[in-house]
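Engineer:
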Amino acid sequence: MFRRSKPLNIAKMKKLITLISLATLFLVFFTNTLVSAKTLKTKSDSIHVWCSPNLAEIATSWMSEYTHLNSEIKMGLKVIDKEAVPLLMQKPDYLGFFSNDFLPLVKEKPVWKMAVARNVIVPVINSKNPFLNKIQQQGITPDQFAKVFGVSSNQSWGILLDDEQLNSSECYCFGDQNVDACLSKFLKTNQQEIHYINVSGKEEFISEILSNPYSIGFCSLIDVMDAENQKLLNGISIVPIDKNGNNKVDYFEDIYSSYDDLSRGIWIGKYPRDLYENIYAVSGTQPRDGKNVDFLEWVLTEGQPFLFASGYSELVFNERKSKIEDLTEVQTPIIEAQTNTSQAGMILIFIGLIALGVLILFLVFYFKSEKKDAVRESLPNSAVFGEHSITAPSGLFFDKSHTWAFMEKEGAVRIGIDDFLQHVTGSITKVKMKNPGEKITKGDTFLSIIQHGKQLDIKSPVSGIIMEKNLCLQNKSSIINSSPYGEGWVYKVKSDNWLKEIKSLFMGETYQIWLQNEFIRLKDFLTLRIKPESSLNMQVVMQDGGEIKDNLLEEFGPQVWEEFQNEIINKPDKM
3 MFRRSKPLNI AKMKKLITLI SLATLFLVFF TNTLVSAKTL KTKSDSIHVW CSPNLAEIAT
63 SWMSEYTHLN SEIKMGLKVI DKEAVPLLMQ KPDYLGFFSN DFLPLVKEKP VWKMAVARNV
123 IVPVINSKNP FLNKIQQQGI TPDQFAKVFG VSSNQSWGIL LDDEQLNSSE CYCFGDQNVD
183 ACLSKFLKTN QQEIHYINVS GKEEFISEIL SNPYSIGFCS LIDVMDAENQ KLLNGISIVP
243 IDKNGNNKVD YFEDIYSSYD DLSRGIWIGK YPRDLYENIY AVSGTQPRDG KNVDFLEWVL
303 TEGQPFLFAS GYSELVFNER KSKIEDLTEV QTPIIEAQTN TSQAGMILIF IGLIALGVLI
363 LFLVFYFKSE KKDAVRESLP NSAVFGEHSI TAPSGLFFDK SHTWAFMEKE GAVRIGIDDF
423 LQHVTGSITK VKMKNPGEKI TKGDTFLSII QHGKQLDIKS PVSGIIMEKN LCLQNKSSII
483 NSSPYGEGWV YKVKSDNWLK EIKSLFMGET YQIWLQNEFI RLKDFLTLRI KPESSLNMQV
543 VMQDGGEIKD NLLEEFGPQV WEEFQNEIIN KPDKM
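Spelled out as structure tokens, the structure:
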């Protein structure tokens with residue numbers, strides 16, 4: 003009598019079929035690679051580059067030097083107008099170099115782009131300006147710039163500094179139409195309505211600024227730089243821009259002490275976006291061909307010094323390092339064809355045996371573990387988060403300690419941590435809480451959140467006596483992640499002085515503005531505090547001032563958590 007075999011799980015059958023298919027594709031891929039490698043090799047000595055007219059000079063310089071260093075490489079350059087850009091997107095092996103104004107034409111199409119340089123516009127003054135100290139302490143807001151450059155009769159330092167100064171300010175500008183376009187966006191006015199003295203050359207612009215201590219002007223950063231020493235020209239200072247309009251240069255706005263500090267600040271979003279334009283390498287798909295990847299890597303390293311002569315600024319080291327890692331991670335290696343056909347056959351047989359061995363091993367373990375649950379959790383995705391990802395319910399008060407408070411009808415104040423902090427830490431595995439009856443003080447530790455031994459001490463937003471603690475957090479601390487303002491609350495407190503303490507808390511739009519500064523502080527922390535040689539800090543998506551990797555502290559050990567505690571939690575931004 004025959005025994006009926008146990009029906010094979012359909013899901014497992016699908017997995018098995020998938021594996022066999024992948025193994026087959028694996029063999030086909032390598033067979034095809036060995037056969038066609040010689041053809042690929044013959045194609046790999048040509049690089050096709052298209053560029054916008056304003057980038058022809060730097061593109062030519064790059065290509066000339068690169069072919070000089072790599073004589074086997076052939077490069078062709080084609081200068082195109084805007085209408086031809088979509089055609090480039092249909093040629094995935096071609097590279098383009100374009101500025102911002104060319105990109106809207108391909109916005110709706112799948113396109114790969116990477117910033118390789120910048121044209122930065124800066125406001126500058128004479129270092130002997132009698133108001134220099136005040137300017138460096140409080141900065142000048144975009145609105146104040148607009149009042150002076152927008153109306154010729156308002157050109158005085160009293161308008162710029164919002165005080166009673168009567169000294170007139172001579173306003174200058176030097177640069178091409180891109181400078182005018184950036185200035186128009188920054189001042190939020192038409193180019194025709196901007197009033198300044200237009201000078202004919204860089205030397206004249208510098209001369210006018212140096213000859214008049216009350217002068218002020220806009221120009222490209224590179225025009226007032228000493229290329230050899232990477233410093234500003236003697237006698238010229240950059241005007242700090244007060245982005246948030248609070249009449250002081252805050253910590254996150256203090257980026258003007260050196261060229262490197264300014265470059266880093268631009269990268270992580272501290273500098274006004276309207277005052278610089280990126281120079282992009284563009285392609286229809288992300289470059290995977292060795293020749294294109296090698297060339298772009300060279301542009302980001304040895305090619306950077308060529309930018310100065312063409313009027314563009316280099317990228318900061320960490321930004322270049324991040325982009326190079328992104329390029330090399332996706333590069334697909336090409337196996338070169340062997341001249342000896344028997345050797346190629348041996349390689350193919352060897353690869354086939356490896357694939358077969360892997361398949362056999364898998365089948366053994368697969369059926370051995372048949373009784374185990376086949377459902378696996380998928381790997382977490384590399385999501386990002388930014389200002390618009392953070393939830394902030396109306397009616398709540400928020401503190402600089404990344405906590406919130408809400409007075410309930412019966413008079414108790416419910417408190418917890420905000421959505422920003424749980425996005426940064428990732429999954430919380432344990433909490434240390436105080437007990438009912440204990441007193442907490444605003445600014446002192448009221449909760450410790452833990453992730454597999456790594457800990458942050460969180461400061462209380464209010465003072466008072468704990469009436470109740472959320473016992474659910476001790477059994478399931480991750481509720482703070484899933485519901486920071488609901489089920490993830492921490493304590494109910496009898497406040498000592500609620501009306502006085504809420505004066506230092508944020509609500510609504512004020513909290514959103516403060517969060518923008520916190521994102522900049524976070525990017526600054528990651529840029530400055532994480533060791534440059536660590537590739538983990540490059541998980542942060544900072545290209546062109548972009549968003550940050552969600553749950554980013556999960557990637558780091560206790561040392562970085564301690565630094566985050568000291569630099570972010572213990573030193574809140576003074577808005």
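Here the numbering used here = 1-based position in the sequence shown + 2.
A virtual CB, placed ideally from N, CA and C, is assigned to each residue, including glycine.
Every value quoted in this text rests on a predicted model; they were computed, and no experiment measured them.
1) Three Cβ pairs or more, each shorter than 8 angstroms: is that satisfied between the stretch 434-445 and the stretch 477-485?
2) On the premise that Ser391 lies in contact with His425, defined as a C-beta separation below 8 angstroms, what is that separation, rounded to the nearest angstrom?
3) Please say whether Asn246 and Ile515 have beta carbons closer to each other than 8 angstroms?
4) Tell me the rounded alpha-carbon separation between Leu507 and Gly418.
5) What do you get for Val153, buried or exposed, if any count of 16 or more other CB atoms within 10 angstroms of its CB means buried?
6) For a test of the three-state rule: what should DSSP assign to Trp215, helix, strand or coil?
7) Buried or exposed for Ser73, going by 16 or more other Cβ atoms inside 10 Å?
8) Looking at the structure shown, is Gly160 part of a helix, part of a strand, or coil, going by DSSP?
9) Three or more C-beta pairs closer than 8 angstroms, one from the stretch 232-249 and one from the stretch 128-136: is that the case here?
10) Quick one: what does DSSP say Tyr68 is sitting in, helix, strand or coil?
11) Can you tell me the Cα-Cα spacing of Gln567 and Lys525, whole angstroms?
12) Where do the ends of the alpha helix (DSSP H) carrying His50 lie?
13) In chain order, what residues of the same chain have a beta carbon less than 7 angstroms from the beta carbon of Ile504, not counting five sequence neighbours either side?
14) In the DSSP assignment, what are the bridge partners of Gln453?
15) If you follow the alpha helix (DSSP H) that Trp114 is part of, which residue opens it and which one closes it?
16) Is Phe310 helix, strand or coil by DSSP?
17) Hey, which unbroken runs of the alpha helix (DSSP H) at 4 residues or more fall wholly within the stretch 496-536?
18) Whole angstroms is fine: what's the gap from Lys573's alpha carbon to Gln306's?
19) For Glu166, count the other beta carbons within 10 Å of its own beta carbon; 16 or more makes it buried, fewer makes it exposed. Which is it?
20) Between which two residues does the beta strand (DSSP E) harbouring Asn280 extend?
21) I think Phe319 touches Ile522, with their Cβ atoms under 8 angstroms apart; what is that distance to the nearest whole Å?
22) When the Cα atoms are used, what is the spatial distance from Glu557 to Ile257?
23) Take Ser294 as the anchor and find which of Phe220, Asp182 and Lys76 has the nearest alpha-carbon.
24) Keeping to the same chain, check which residues put their C-beta closer than 7 angstroms to that of Met65; ignore five residues upstream and five downstream.
25) Which whole-angstrom value is the C-beta distance of Asn280 and Ala86, which I expect to be below 8 angstroms?
26) Leaving out the 5 sequence neighbours to the left and right, which residues in its chain are closer than 6 angstroms to Gln193 when beta-carbon positions are compared?
27) Please classify Gln453 as buried or exposed, where buried requires at least 16 neighbouring CB atoms within 10 angstroms.
28) So, do the stretch 474-481 and the stretch 396-411 have three or more beta carbon pairs nearer to each other than 8 angstroms?
29) With which residues is Phe387 paired in a DSSP beta bridge?
30) Have a look at Ser259 and Arg266 and give me their C-alpha separation to the nearest angstrom.
31) Would you call Ser396 buried or exposed, if buried means 16 or more other Cβ atoms sit within 10 Å of its Cβ?
32) Taking the C-alpha atoms as reference points, what is the distance between Asp263 and Gly219?
33) Where does Thr1 land, buried or exposed, given buried means 16+ other C-beta within 10 angstroms?
34) Which same chain residues, not among the five before or five after Ile208, have their C-beta less than 8 angstroms away from its C-beta?
35) Runs of 3 residues minimum, wholly inside the stretch 168-245: which ones carry the beta strand (DSSP E) assignment?
36) To the nearest angstrom, how far is the alpha carbon of Ile337 from that of Ile60?
Structural biologist: Taking the structure as given:
1) no
2) Right, their Cβ atoms sit about 7 angstroms apart.
3) yes
4) Their Cα atoms are separated by approximately 14 angstroms.
5) exposed
6) Before going further, note that residue 215 is Pro rather than Trp in the sequence given. Here Pro215 sits in coil by DSSP.
7) exposed
8) helix
9) Yes, the stretch 232-249 is in contact with the stretch 128-136.
10) Of the three classes helix, strand and coil, the one that applies to Tyr68 here is helix, per DSSP.
11) 15 angstroms
12) Run containing His50: none in the alpha helix (DSSP H); it sits in the beta strand (DSSP E), Ser48 to Cys53.
13) Phe399
14) Lys456
15) First-last for Trp114: Trp114 to Asn128, but that is the beta strand (DSSP E), not the alpha helix (DSSP H).
16) In this structure, Phe310 counts as helix in the three-state DSSP scheme.
17) 500-503 and 510-531
18) So the alpha carbons of these two residues sit roughly 36 angstroms apart.
19) exposed
20) DSSP places Asn280 in the uninterrupted beta strand (DSSP E) bounded by Tyr278 to Ser285.
21) About 19 angstroms; that fails the 8 angstroms criterion.
22) 28 angstroms
23) In the sequence under discussion, the amino acid at residue 294 is Asn, which differs from the Ser named in the question. Among Phe220, Asp182 and Lys76, the Cα nearest to that of Asn294 belongs to Lys76.
24) Val51, Met77 and Leu79
25) Between the beta-carbon of Asn280 and that of Ala86 there is about 20 angstroms, and that puts the pair past the 8 angstroms contact cut.
26) Asp182 and Ser186
27) Counting other Cβ atoms within 10 Å of its Cβ, Gln453 reaches 16 or more and is therefore classed as buried.
28) The answer is no - the stretch 396-411 does not touch the stretch 474-481, with fewer than three Cβ pairs under 8 angstroms.
29) Partner(s): Ile550.
30) 12 angstroms
31) exposed
32) 21 angstroms
33) This structure leaves residue 1 out entirely; the chain is present only between 3 and 577.
34) Asp225, Val226, Leu235 and Ile238
35) You should have 172-175, 217-222 and 238-240.
36) Below a pLDDT of 50, predicted positions are generally treated as unreliable, and Ile337, at 36, falls in that range; no measurement from the model is reported.
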